[in-house]
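Position 33 of the sequence shown, counted from 1, bears residue number 433 in our numbering, the numbering being contiguous throughout.
All C-beta atoms, glycine included, are put in the ideal place defined by N, C-alpha and C.
Working notes, beginning with the structure itself.
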Amino acid sequence: MEGLTQSRVSRIMRGQERIVSIDLIERIADALRIPGAALRLAPRPWEQPTSTGTVPTQAPAASTPAGQTPPAAPSGDEHPRGAEDHSLTVDLDIAADGWATITYHHDLFNPGPRPLTRLARELWFENTRGPLTLTALPSDGHNVIIQRIHDTPSMAKFACQIFPAIQPGKSASVGYTCEGGQFVRDHYWRQSITRPTDTLTIRLRHRGAASLTRCTATEEYADGYEVSATDSLTVTIDGKDIVIDLVRRDLGPGQAVTVLWDIDRAST
401 MEGLTQSRVS RIMRGQERIV SIDLIERIAD ALRIPGAALR LAPRPWEQPT
451 STGTVPTQAP AASTPAGQTP PAAPSGDEHP RGAEDHSLTV DLDIAADGWA
501 TITYHHDLFN PGPRPLTRLA RELWFENTRG PLTLTALPSD GHNVIIQRIH
551 DTPSMAKFAC QIFPAIQPGK SASVGYTCEG GQFVRDHYWR QSITRPTDTL
601 TIRLRHRGAA SLTRCTATEE YADGYEVSAT DSLTVTIDGK DIVIDLVRRD
651 LGPGQAVTVL WDIDRAST
């Protein structure tokens, strides 16, 4: 296969060379007859049992075939013991006209028992200029590829494909940005928690909004019970920008944290 050598495949498997598509991984596996498990994929079609009942000598991989979504676990995670977020940081950079760039950083830990190959996510905005733009950020030792699952004008369901997989007992950082959403009338951000999260940090910069008229925060439990998180807020003025920081700890699946703020529109 042109451009693919054993040495290049070896560099990719060790995370020393970046790739940009799951399709390329599958082509590498098929062209060089590499068992799917060696590349953190499901068994390739040519590995399947034959009509005589023989089975491949390579043990099946634990990952999900590209283009498919695993059955949803009750927590919304990848499997019953999916990833844990040692820390989840959400940065919202909102321009004076409301258009925003959202940046996520997940410091993930895989408690096992299987390799972690994907991180399912969902984002939506009330106002957009078309499908949301999603971009994976560089990750030390891993390639991160955005797999778009379902798009509407205001919502994107996607997964971060992680290669090589995060092995049981190991940690890795996964990040991505979202652009194309706008805050118009309702100024709030609700962050759903889909996996155990030690620390959630929401950092918000609203540019050109020197006057803040309201700022509150709530923490919601899986049963709908809410508590105020306003005492955890930090608000500062940076020139003509409003900067809001919120930190919450020891969160679990089914919880949500919401920050709500209003600005003096005359100042924008």
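Got a sec? Which residues, its chain only, sit under 6 Å from R607 by beta carbon, not counting five neighbours each side? Closer than 6 Å at the Cβ level, and outside the excluded window around R607, lie A495, A496, D641.
Among D485, I663, W524, R614, which has the Cα closest to the Cα of R649? Closest by alpha carbon: D485.
Proximal residues to M555 (C-beta, below 6 Å), its chain only, five neighbours per side dropped: The answer, listed in chain order, is W524.
Measure how close the beta-carbons of A536 and I545 come, nearest whole angstrom, since I'm counting them as under 8 Å. With 8 Å as the limit, A536 and I545 qualify as a contact, their Cβ atoms being about 6 Å apart.
Thinking A610 and V659 are a contact (beta carbons under 8 Å), I'd like their distance in whole angstroms, please. So it is not a contact: roughly 19 Å between Cβ atoms.
Report all residues from its chain with a CB closer than 6 Å to the CB of G467; omit the five preceding and five following residues, and keep chain order. Only weak support is given to the placement of G467: the predicted model assigns it a pLDDT of 36, under 50, and the question is left unresolved by the model.
Are the beta-carbon atoms of E626 and Q655 separated by less than 8 Å? No, the Cβ-Cβ distance between E626 and Q655 is not below 8 Å.
Same chain, Cβ closer than 8 Å to H587, five either side skipped, listed in chain order: Within the same chain, and ignoring the five residues on either side of H587 in sequence, the residues whose Cβ sits closer than 8 Å to its Cβ are H606, L660, W661, D662, I663.
Give a yes or no on whether 8 Å exceeds the smallest Cβ distance from S573 to chain C. In the displayed structure, chain C is absent; only one protein chain is listed.
State buried or exposed for V584, treating a residue as buried only when at least 16 other CB atoms are found within 10 Å of its CB. Exposure of V584 is indicated by the presence of fewer than 16 other C-beta atoms within 10 angstroms of its C-beta.
With a threshold of 7 Å, establish whether the CB of T489 neighbours any heavy atom of the ligand HEM. With respect to the ligand HEM, the structure offers nothing, as it holds no ligand at all.
Through-space distance from I502 to T594, alpha-carbon basis: Within the model, the alpha-carbon separation for T594 versus I502 is close to 18 Å.
Contact belief for A572 with G530 at Cβ below 8 Å, rounded distance in angstroms: Contact doesn't hold; Cβ gap of about 31 Å is too wide.
Residues near V574 in its chain [Cβ-Cβ closer than 7 Å; skip 5 each side]: Scanning its chain for C-beta atoms nearer than 7 Å, with the 5 sequence neighbours on each side dropped, one finds around V574 the residues H506, L508, L519, S539, V544, C560, I562, in chain order.
Tell me which residues share the same chain as R603 and place their Cβ nearer than 6 Å to its Cβ, disregarding the 5 neighbours each side in the sequence. Excluding residues within five positions, the ones whose Cβ falls inside 6 Å are D491, D645.
Can you tell me which of the three DSSP states L424 falls into? Correct three-state label for L424: helix.
What did DSSP end up calling P564 once you bin it into helix, strand or coil? In this structure, P564 counts as strand in the three-state DSSP scheme.
Outcome for P443 when other beta-carbon atoms lying within 10 angstroms are tallied against a minimum of 16: Classification of P443: buried, given that the 10 Å Cβ count is 16 or more.
Helix or strand or just coil, what does DSSP make of D631? Helix at D631.
Buried or exposed for R590, going by 16 or more other Cβ atoms inside 10 Å? It counts as exposed.
Since T597 and L488 should fall inside the 8 Å C-beta cutoff, what is the C-beta to C-beta distance between them, to a whole number of angstroms? Confirmed, about 5 Å.
Length of the line joining the Cα atoms of G624 and G512: The straight-line gap from Cα to Cα measures roughly 30 Å.
By the DSSP assignment, the beta strand (DSSP E) with Q655 in it spans what residues? For Q655, there is no enclosing beta strand (DSSP E), since its DSSP letter is neither H nor E.
Does the distance from the CB of I422 to the CB of Q547 come in under 8 Å? Closer than 8 Å, so yes.
Which residues share a DSSP beta bridge with D493? Within the DSSP bridge table, the entry for D493 names T501, R605 as partners.
Contacts around V657, its chain only, beta-carbon distance under 8 Å, and the 5 residues preceding and following it disregarded: Cβ-Cβ distances below 8 Å link V657 to R590, Q591, I593, L600, I602, A617, T618, E619, E620, A629, L646, R648, L651 in the same chain, with the five nearest sequence neighbours on each side left out; the list follows chain order.
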